[in-house]
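Sequential numbering from 1 applies to the sequence shown in full-length UniProt numbering.
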Amino acid sequence: MPSLLLQSLFPLVFIMLLGWLSGKLGYTRREDAAVLATVVIRFALPFHLFIGALHTSPDKIKNFTFMAVLVIGLMGSYFLTLLISRYVFRHDIKTSAIQSLVCAFPDMAYFGAPVLAVLIGPEGFLGVLIGNLVTSVLMIPLTIILIRMGDQPGDAEAPQLHAKQLILQNLLNAVRNPIVWIPISGVLLSLAGIQLPPLLSVPVEMVGKIAGGLSLFALGLLFYGERPTVNIQTCTNISIKNLIQPAMMALAGLAFGLSHSLMQQVIIIGATPSAIAAGMFALRSDTYIEPASSSILLGTAIGVVTEGVMIYLIS
1 MPSLLLQSLF PLVFIMLLGW LSGKLGYTRR EDAAVLATVV IRFALPFHLF
51 IGALHTSPDK IKNFTFMAVL VIGLMGSYFL TLLISRYVFR HDIKTSAIQS
101 LVCAFPDMAY FGAPVLAVLI GPEGFLGVLI GNLVTSVLMI PLTIILIRMG
151 DQPGDAEAPQ LHAKQLILQN LLNAVRNPIV WIPISGVLLS LAGIQLPPLL
201 SVPVEMVGKI AGGLSLFALG LLFYGERPTV NIQTCTNISI KNLIQPAMMA
251 LAGLAFGLSH SLMQQVIIIG ATPSAIAAGM FALRSDTYIE PASSSILLGT
301 AIGVVTEGVM IYLIS
């Protein structure tokens with residue numbers, strides 16, 4: 001067990017520390033992390049998920065109970081936070097949407113994928129693939145709609161009039177995102193029984209293999225220079241993301257009777273810290289910036305410990 005924990009978590013800590021030191025020593029600028037993140041999100045991770053989907057049997061892909069558990073865990077924690085933010089912290093709908101995204105959007109690209117690759121192997125891609133679909137098709141469009149509703153406080157009918165248009169527009173934008181359509185292409189090819197010729201599959205795999213290391217390096221570089229603050233909101237956000245969400249995943253997995261391997265995936269995804277993308281939403285909407293960045297930074301540091309505890313419990 002100590003060996004498994006070390007194999008799963010040490011690479012994460014080492015590469016993130018390498019990225020942080022790169023910024024500290026002046027080898028790279030903190031702004032360079034945005035370029036690295038673009039390479040990961042637009043190219044490396046989509047191709048990594050594509051190859052994983054292509055090499056997975058159709059029977060494993062057509063697991064609707066697994067999808068249901070991920071939807072319950074991800075969206076359940078989103079709506080729980082939305083209620084807490086609105087009725088406990090008394091935030092407006094725009095701020096509540098950002099806080100909900102911070103508490104429910106796991107960092108599957110940077111943090112979850114490398115852990116699942118070590119712990120489960122190539123099959124670990126499945127949870128990342130479906131989780132990204134849930135966040136891209138449900139969570140992010142809903143957040144954008146709520147943010148736009150908050151931007152129009154004087155016109156109560158405007159959100160209702162444009163809700164369908166906003167949903168369709170954001171669903172279209174989600175489907176056009178490479179991290180959505182490239183993995184879906186791999187799923188469709190797998191279901192059709194089609195494999196890529198070696199001439200094409202080899203370079204695609206080469207691009208996909210850099211996803212884990214590059215994403216962790218970028219994450220460490222992003223954290224250089226951050227000064228987090230600890231308060232009731234930060235503690236609440238970290239507790240929901242790192243503890244309550246994996247608990248919801250576990251309960252849903254038990255209720256649906258998931259296999260041990262799939263249960264491992266949903267719990268690890270649930271215990272994965274908040275995504276950097278949630279902080280980007282806060283910056284773009286100029287809302288909840290300080291609590292969001294502090295929650296993501298501290299949650300990632302604490303997430304190394306909570307992830308280790310989860311790995312110990314499920315293994």
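Heads up, the beta-carbon is just placed ideally off N, CA and C, and yes, glycines get one too.
Query, Result
"Nearest-angstrom Cα separation, counted from Thr143 out to Gln165", "15 Å"
"C-beta atoms of Phe223 and Ile130 nearer than 8 Å", "no"
"Residue nearest to Pro203 in terms of C-alpha spacing, selected from Ala44, Leu83, Ala218", "Ala44"
"Stretch-stretch touch, CB-based, cutoff 8 Å, three pairs: the region 240-255 with the region 268-279", "yes"
"Minimum C-alpha distance to Pro46 - residue among Lys241, Pro178, Ile145", "Pro178"
"Which residues DSSP lists as bridging Ser274, in chain order", "Pro106"
"Ile244 beta carbon less than 8 Å from that of Ser77", "yes"
"8 Å contact criterion, which Gln7 and Gly127 should meet: CB distance rounded", "In fact, because the Cβ distance is near 19 Å, the residues do not count as touching under 8 Å."
"Between the CA atoms of Leu191 and Asp286 - distance to the nearest angstrom", "43 Å"
"Boundaries of the alpha helix (DSSP H) in which His48 is found, first to last residue", "45-54"
"Nearest-angstrom Cβ-Cβ length linking Met16 and Gly186, presumed shorter than 8 Å", "About 28 Å; that fails the 8 Å criterion."
"Cβ neighbour criterion (16 or more within 10 Å) applied to Thr81", "buried"
"Ile232 in three-state terms, based on DSSP", "helix"
"Cβ neighbour criterion (16 or more within 10 Å) applied to Cys103", "buried"
"Cα-Cα separation, Tyr312 to Ile120", "14 Å"
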